[in-house]
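> Residue numbers (my numbering), protein chains in the order written: chain U, 34 to 201; chain P, 426 to 680. A virtual CB, placed ideally from N, CA and C, is assigned to each residue, including glycine. Take a look at this one; I'll ask things after.
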C-alpha cells in the first residue's frame, strides 16, 4: 500500500463507528484501531513494516475532535489467525519476547491441553527469556479451545498463545 | 551435618538444610506453589542428586562437595520487563561471595554464568511466577562448585574454589556467606537501586569493551565489541558503526 492509500483508509475508518479494521495482504498486515479500542491517547502510529515493505512512518493529523482518534499498527503476520467461529473467545497473550514451553521439562506433561478447563491463576505455560523461566498464569477462567503456538518455539510480545472460551 | 554455630543462623534466616535432596530448585518451586514461604526462605543441600539445569538439563555435582541453594523471593513491584535484574542480582551475589575466598579473577559471563579464571564455577537458574505485568514470586537457584576437584570429561571448562585455592572449604560457613551476599543485592533490587545493579553488573561483565568472538545459530563465527547489556538482558554489540542487540537464542559468546 502506498502512503496515500493508508491515509485514505484511516480517514475512511475515522468516519465510521468501527473500532478496528484489519487488512491482510500476504506478508503485509495493517491494523487500524480507534481510540475506544486501543484506549490510546491522541494519534499513535507504530510502523515496524515488514522487510518487503518500505518503512512507512505514517504521521496523521488528528481528525476533528468529535471523531475518534485513530491508531495504526502495521506488522508482519506472525500470529496464527483466530478462528472467527464460536463467538467470544479470549486470547491469552505473551507478556514478553521469549521461547514458549508447554511443560516444565522435556519429559513432563503439558500444563494444559485443548479441552481442559483452566481457572484464573492457573499455570498454563512457561516463557523463557534470557535464561529466566517465567510461569505464566491464566488471567481468565474457561476452557482451552486452541493452543496457538508450538512447543519450544519463539514468541513475540503480545502474541496470542491460547484461545480460551470463558463460557466453556 | 550443619554445625551448631551456623545452624542458629540458618534457623533465623529460614534456611532449610537437607542432607540430600533431588533438587533444591524443584523443592523450592513445589513449596512456593503449595504455600507462601516467607521472603528469602532458602533451600540448601550439599548433596543434590538430580540437579536441575535449564529446562530439564542435569546439573552434575559430586556428593557433599558443592553448594546448592535456592532462595524464594517476592520482588517488590518488579515488572516483567525488568526481570533481567533478577539475573544481575544473583550473578553479583555469587561474585561477591567468591571474592571472599579467592584473589583469582571472577567475572560474569553473559547472561549469568560466573567464571573463575575464565572457567565456569557456578550455574544460576531462575524461575518466576507472573501475574499480569508483575513478577510475584521468584526462585533463584545457585549451584556453586566448592570442593569438587575432578570434573567429567565433558566439562573441561569447569572449576571450583578448591581447584583455585588448593584447599578445601567448610560448606556451612560458605552457605551462610552466600546467603548474605544474596541478601545484600536483593535489597538493592527491592529498594529501587536498579541502576547501581546494572552498573555493577557491567563493571564485572566478561569481555566488556573488548572484541570477542561469537557463534551464531548457523555455527558461523564473528567478532564484535561488547558494549553492554540492555534492559531485557540482550547483549549489545558494536558492529560496523551500529549497535546491534542479540538474544541468547541468536548468539553464543565463545571463551
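Could you name each continuous alpha helix (DSSP H) segment of 4 residues or more that falls completely within the stretch 566-602 of chain P, going from the start of the chain to the end?
Here the runs fully enclosed are 586-590.
> How would you call residue 459 of chain P, buried or exposed, if buried means at least 16 neighbouring beta carbons within 10 angstroms?
Exposed, since its Cβ has fewer than 16 Cβ neighbours within 10 Å.
> Taking the alpha carbon of residue 539 of chain P as the reference point, which residue from P/575, P/440, P/586 has its own alpha carbon closest?
Residue P/586 is the option with its Cα nearest to residue 539 of chain P.
> Once DSSP output is grouped into helix, strand and coil, what is the label at residue 153 of chain U?
The answer is coil: DSSP assigns residue 153 of chain U none of H, G, I, E or B.
> Between which two residues does the alpha helix (DSSP H) carrying residue 667 of chain P extend?
First-last for residue 667 of chain P: 667-671, but that is the beta strand (DSSP E), not the alpha helix (DSSP H).
> Can you name the residues that DSSP bridges to residue 494 of chain P?
DSSP, once it has assigned bridges, lists P/469, P/567 as partnering residue 494 of chain P.
> Hey, would you say residue 175 of chain U sits closer than 8 Å to residue 198 of chain U, going by beta carbons?
Taking 8 Å as the Cβ cut-off, residue 175 of chain U and residue 198 of chain U qualify as a contacting pair.
> Mind reading off the beta-carbon distance from residue 673 of chain P to residue 141 of chain U? Whole number of angstroms is fine, and I expect it under 8 Å.
The Cβ separation is near 22 Å, so there is no contact.
> What's the call for residue 646 of chain P, buried or exposed, on a 16-neighbour Cβ count within 10 Å?
Answer is exposed; the Cβ neighbour count stays below 16.
> Closer than 6 Å by C-beta to residue 562 of chain P: which residues in its own chain qualify, once you throw out the five before and the five after it? Chain order, please.
Taken in chain order, the residues that qualify are 457, 499, 554.
> Who pairs with residue 649 of chain P in a beta bridge, going by DSSP?
Residue 649 of chain P pairs with P/637.
> On the criterion of 16 or more Cβ atoms from any shown chain inside 10 Å, does residue 65 of chain U qualify as buried, or is it exposed?
Looking at its Cβ environment, which holds 16 or more other Cβ atoms inside 10 Å, residue 65 of chain U is buried.
> Taking the alpha helix (DSSP H) that residue 661 of chain P belongs to, which residues open and close that run?
That residue, residue 661 of chain P, is in no alpha helix (DSSP H); its beta strand (DSSP E) goes 660-664.
> Measuring alpha carbon to alpha carbon, tell me which of P/625, P/468, P/446, P/667 ends up nearest residue 517 of chain P.
Minimum Cα distance to residue 517 of chain P is reached at P/625.
> Can you name, in chain order, every residue of its own chain whose Cβ lies under 7 Å from the Cβ of residue 462 of chain P, other than the five neighbours on each side?
Correct list, in chain order: 456, 497.
> Against chain P, does residue 186 of chain U count as a neighbour if the rule is that its beta carbon must be under 8 Å from one of theirs?
No, because no Cβ of chain P sits closer than 8 Å to the Cβ of residue 186 of chain U.
> Please go through the stretch 132-200 of chain U and give each complete beta strand (DSSP E) segment of 3 or more residues, from N-terminal end onward.
Listed in chain order, the complete beta strand (DSSP E) runs (minimum 3 residues) inside the stretch 132-200 of chain U are 156-162, 165-170, 175-180, 186-188, 193-198.
> Could you confirm whether any beta carbon from chain P is found closer than 8 Å to the beta carbon of residue 189 of chain U?
No, because no Cβ of chain P sits closer than 8 Å to the Cβ of residue 189 of chain U.
> In angstroms with no decimal places, state the Cα-to-Cα distance between residue 168 of chain U and residue 441 of chain P.
Their Cα atoms are separated by approximately 24 Å.
> Given a cut-off of 8 Å on the beta-carbon distance, is the pair residue 133 of chain U and residue 194 of chain U in contact?
Yes, the Cβ-Cβ distance between residue 133 of chain U and residue 194 of chain U is below 8 Å.
> Cβ closer than 8 Å: which chain U residues qualify as neighbours of residue 555 of chain P?
Neighbours of residue 555 of chain P on chain U, chain order: 128, 167, 168, 169, 170.
> Answer with yes or no whether the minimum CB distance from residue 143 of chain U to chain P is below 8 Å.
It does not; no Cβ of chain P falls within 8 Å.
> How about residue 622 of chain P and residue 513 of chain P: do their beta carbons lie closer than 8 Å?
Going by C-beta atoms, residue 622 of chain P is nearer than 8 Å to residue 513 of chain P.
> Using a Cβ cut-off of 8 Å (strictly closer), state whether residue 566 of chain P contacts chain U.
So no, residue 566 of chain P is outside the interface.
> Along the stretch 526-537 of chain P, where does the CB come closer than 7 Å to a CB of chain U? Name the residues.
Listed by position, the residues of the stretch 526-537 of chain P near chain U (Cβ gap below 7 Å) are 536, 537.
> How far does the alpha helix (DSSP H) with residue 442 of chain P in it reach, from first residue to last?
That residue, residue 442 of chain P, is in no alpha helix (DSSP H); its beta strand (DSSP E) goes 440-443.
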